[in-house]
């Protein structure tokens, strides 16, 4: 399984929106600055995500994006599926497009692996990632 930069940046965008959920609608330029991601690239990601109802959008000078649900109601698998399509990217065919004699065994192993990966990613929410980040980085307190 290979997660593209689009998938990783989408996760970072969702995490940023979750961390700032109490601030209302967040402009893409603010997310881009905090995350070190090009605003244009985030705009491309938003185009992909817009059809999903995962985010709420508001146009205008005070416009931006916010989560449509609580961070505990988004899984990593859901976000990656929005941007990556399927989480299974394993090609089970030979180079010439035919299936080999061990196709059934390989297919079984790859299917089991996909199920384990999917189950794991379905078990982690945005809220879990925020809490994990706090544990790893500690809270920044400035006096």
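In the numbering used here, the protein residues as written are 64 to 206. Beta carbons are placed, not taken as given, at the ideal position from N, Cα and C, and that holds for glycine.
Are the CB atoms of residue 21 and residue 145 nearer to each other than 8 Å? Here the chain covers residues 64 to 206 and nothing more, so residue 21 does not appear.
Quick one: is residue 199 buried, meaning 16 or more other Cβ sit within 10 Å of its Cβ, or exposed? exposed
Restricting to Cα atoms, I'd like to know which of 193, 70 and 101 is closest to residue 134. 193
Am I right that residue 142 and residue 88 are in contact with their C-beta atoms under 8 Å? What's the rounded C-beta distance? About 19 Å; that fails the 8 Å criterion.
Can you tell me whether residue 79 is buried or exposed, with buried defined as 16 or more other CB within 10 angstroms of its CB? buried
Identify, in the order they occur along the chain, each residue of the same chain with its Cβ nearer than 7 Å to the Cβ of residue 95, setting aside the five sequence neighbours on each side. 101, 102 and 105
Alpha carbon to alpha carbon, how far is residue 124 from residue 153? Give it in angstroms, no decimals. Residue placement at residue 153 cannot be trusted, given a pLDDT of 45 that sits under 50; what the coordinates show is reported in the next sentence. Roughly 44 Å between the two C-alpha positions.
If you draw a straight line from the alpha carbon of residue 174 to that of residue 109, how long is it in whole angstroms? 31 Å
Any idea what DSSP makes of residue 89, helix, strand or coil? strand
Quick one, are the C-beta atoms of residue 138 and residue 182 less than 8 Å apart? no
Quick one: give me the first and last residue of the alpha helix (DSSP H) that residue 70 is part of. 68-82
Can you tell me whether residue 127 is buried or exposed, with buried defined as 16 or more other CB within 10 angstroms of its CB? buried
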